[in-house]
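The block underneath contains the structure these notes are about, expressed in structure tokens.
There are 2 protein chains.
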Amino acid sequence: MTAKIARFLDEVRPVTPCVVVDLDIVRENYQGLRRWLPLAQVYYAVKANPAPEIVRMLVGEGSSFDCASRGEIDLCLNNGARADKLSFGNTIKKKSDIAYAYEKGVRLYAFDSLAELEKLADVAPGSKVFCRILMTCEGAEWPLSRKFGCEIDMAKDLLVKARELGMDPYGVSFHVGSQQTDLRQWDIAVGKAAMLFTALDEAGIELKMMNLGGGFPAQYRTDVPAVELYADAMMTAMTNHFGNALPAMIIEPGRSLVGDAGILETEVVLISQKGYDDDTRWVYLDVGKFGGLAETMDEAIKYRIQTPHDGGSTAPVILAGPTCDSADILYEKAGYEMPVNLQVGDKVRILSTGAYTTSYSAVNFNGFAPLKAYFI
Amino acid sequence: MTAKIARFLDEVRPVTPCVVVDLDIVRENYQGLRRWLPLAQVYYAVKANPAPEIVRMLVGEGSSFDCASRGEIDLCLNNGARADKLSFGNTIKKKSDIAYAYEKGVRLYAFDSLAELEKLADVAPGSKVFCRILMTCEGAEWPLSRKFGCEIDMAKDLLVKARELGMDPYGVSFHVGSQQTDLRQWDIAVGKAAMLFTALDEAGIELKMMNLGGGFPAQYRTDVPAVELYADAMMTAMTNHFGNALPAMIIEPGRSLVGDAGILETEVVLISQKGYDDDTRWVYLDVGKFGGLAETMDEAIKYRIQTPHDGGSTAPVILAGPTCDSADILYEKAGYEMPVNLQVGDKVRILSTGAYTTSYSAVNFNGFAPLKAYFI
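Structural data, given as structure tokens:
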């Protein structure tokens, strides 16, 4: 909770629920990453928070941008980013959207399959392409599936094929999982990617770029290592496996830039019990799983929560959202406690909600408006 | 797939993804319920699909409306519904929203706790209130938690308290779970609710209304009983437990009115494999979990899917959405198969997507626009 956000909430008293993002914190986080990883080019993962205010500020700082869609490309271009600062980083793209991006000047694309490579060769000829490889990393709080990436041996063949198709086989990307807290995962991942560099070198292709993805954390309920330690783990991994022949490096932070910069203010709508033999306290907030807190799915992301009564005695609660959907429960098993004298009408603040909240919120579910956001 | 929808898709060729809802089917479903359950007043669960077109048509048919929020109340009033046809059916309401509804003329409210009853007594004096009781029903495809309702003995005390507070203790509601396929659940539920009528009668309070909730199904992958059989199960349960002293009856269908009336047209964006030793086919569509198919959460709702190659040989697939979110997978374990000659660019139709799709879709996740809908 920054002083600036506290002042805003006190003075403006916005209607809840709403998120307030302190742009100074986003800037500091960006500058911190630049300081700790000076060799890496930062591509902000726009999906984490696609606010024009954030994009404009980061354009001013010299950031590049990792875009998931045509919509995000337009957002960046409309807010001052140059096309040569954009990466179309989604491995799943419509051909028409690739053509659109190419026409706008985007020349850097992700892929992980033959079909995608063929689309790229067709409508984005000569562009730089990087192949995403599969990782099976442990330690990430947000689940990582096999949805993105391919096996190393397939990646090798695809990058060779890329050159045959007239593309520029530029590099390799991986992702260790969002909110990754096990720093050893970078050494494993970089080692795997480095093998690919070697294999392609033997095939006469010199890859030039390593995309280390995201995975830097925000501060939720569990303590996380400092960003410096992440940077250190990455650079150690890179020098371990590449010596002083380091390729260009890209990182794609999203959560770590904007997560901690946001506070979600919400109101306690109801506190109740279900029966005389069941003293579980249900606390219903005016924001829930469909109103911006989608990352509480399976109780994956566990936010820190502040109430006006902190410091007094607490008791267990089940925290739920305001909709008529029985699945709209935030925390039931994660062991949340709240003050015993919490009252209906109290304002409650959910910390580190700057990432993956506003844009996740449903357009009109149960007649509730999407989560409102302020950027200050 | 109705002829009207097929013609619309062929002639208009709308940009995908989009949902097309045939209003004639919604009307037929409404009339069917009226025919099979003539004693029950139909309160359409607006949250299932809050399209003004649907509300207007149902106003014309004489329907009442179950509203989850102030937003849904405004929607109904703005589209011709009279306030005395509305129920504020969410048990979790801000006091300011109750006051707003009361001011607009709404006089029927749900509750399941003392705190909610006290809010109602304060700002909606004299209104009819019904208490939702907890059910632990088996057989529903969409998970039913303990989020709504209270135990019977608490419900009894709350309804007595309601009269003390100057409210009209009007009735009881329950919900057997959305997409409930075990028809015996209604007998269990009505039996439980009937006990409450008796208990209150002994306390000198005559309840006048039984709200049987929703639970009527749409047609997903698993076969479901016909609506007539649901109606029959309900009426049998009512006469079993109330004889010919039947209270007024309310039902709150949502899914069953609009689900089967909608078709979602989507495009195959990518088909790929992850490695040479893993022949799993990944099929990526231009709609996913955050673009309207939220009910595929934990693979709960299993939609039927049509492709242009149906009838030929099929093979297993993992179906996923287009976003960069690794959790955006529709079906991985549910055993979906698709034609072996499915192609990138093919249009695929997801059936029975008229309910809980459009309003669930994220406002701008990954830069993708919310699901577009047409009502014809």
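Residue numbers (my numbering), protein chains in the order written: chain D, 369 to 744; chain R, 369 to 744.
Ideal Cβ positions, reconstructed from N, Cα and C, are used throughout, including at glycine.
With a cutoff of 9 Å on beta-carbon distance, A662/D and T590/D are scored as not near each other.
Against chain D, the beta carbon of E519/R has neighbours under 8 Å at K642, G643, Y644, D645 and D646, listed in chain order.
When Cβ-Cβ separations below 9 Å define contact, G627/D makes no contact with chain R. Using a Cβ distance threshold of 9 Å, K463/D and V383/R do not count as a contacting pair.
L482/D has a beta carbon lying within less than 9 Å of a beta carbon in chain R. For chain D, the residues of the region 703–723 of chain R that bring a beta carbon within less than 8 Å of one of its beta carbons are V712 and G713, in chain order. The shortest C-alpha to C-alpha distance from N417/R to any of F658/R, N734/R, S624/R and A483/R is the one to S624/R. When secondary structure is reduced to three states using DSSP, N579/D falls in the strand class. Between the C-alpha atoms of I639/R and T691/R there is a straight-line separation of about 15 Å.
At least one beta carbon of chain D lies nearer than 9 Å to the beta carbon of G735/R. Judged by DSSP in its simplified three-state form, E574/D adopts coil rather than helix or strand. Distance from the Cα of I573/D is smallest, within the candidate group S455/D, A557/D, A688/D and A530/D, for A530/D. One Cα belongs to D452/R, the other to D628/R, and the distance between them is close to 29 Å. In the DSSP secondary-structure assignment, S455/R is bridged to D434/R. Along the region 671–684 of chain D, there is no position whose C-beta sits under 9 Å from a C-beta of chain R. Closest in C-alpha terms to Q547/R, from the list R450/R, V651/R, A668/R and A489/R, comes A668/R.
If the five residues before and after V595/R are omitted, its C-beta is found closer than 7 Å to the C-beta atoms of G400, L401, W404, F584 and S624, all from its own chain and listed in chain order. Annotation: the continuous beta strand (DSSP E) that includes V540/R extends over D536 to S541. G659/D is classed as buried because its beta carbon has at least 16 other beta carbons within 10 Å across all chains shown. Within the region 416–450 of chain D, the residues whose Cβ lies closer than 9 Å to any Cβ of chain R are, in chain order, P418, D434, C435, A436, S437, R438, G439, E440, I441, D442 and L443.
Between S495/R and G534/R, the alpha-carbon positions lie close to 8 Å from each other. In chain R, no part has a C-beta under 9 Å from the C-beta of S495/D; the shortest such distance is about 17 Å. For V497/R, the enclosing beta strand (DSSP E) has its first and last residue at K496 to R500.
A straight line joining the alpha-carbon of K524/D with that of A561/D spans about 10 Å. Think of a sphere of 9 Å around the beta carbon of M522/R: the chain D residues whose beta carbon falls inside it are Q641, K642, G643 and Y644, in chain order.
Within the DSSP bridge table, the entry for V389/D names G630/D and F743/D as partners. Beta-carbon to beta-carbon, G643/D and C518/R are separated by about 6 Å, close enough to satisfy the 8 Å threshold. One Cα belongs to T604/R, the other to N732/R, and the distance between them is close to 47 Å.
Counting C-beta atoms within 10 angstroms of its own C-beta, V380/D has fewer than 16 neighbours from the protein chains shown and is therefore classed as exposed. If the five residues before and after D434/R are omitted, its C-beta is found closer than 7 Å to the C-beta atoms of Y411, Y412, A413, V414, S455, G457 and E620, all from its own chain and listed in chain order. At a Cβ-Cβ threshold of 9 Å, F498/R and G545/R do not count as neighbours.
Apart from the 5 residues on each side of it in sequence, Q409/D sits with its Cβ closer than 8 Å to the Cβ of S432, A616, M617, I618 and I619 in its chain, given in chain order. Around the C-beta of K515/R, 16 or more other C-beta atoms lie within 10 Å, and the residue is accordingly described as buried. Scanning chain D for C-beta atoms nearer than 8 Å to the C-beta of M665/R yields M665 and A695, reported in chain order. One finds I460 in chain D with Cβ atoms closer than 7 Å to the Cβ of P690/R, taken in chain order.
According to DSSP, residue pairing for P738/D in a beta bridge does not occur.
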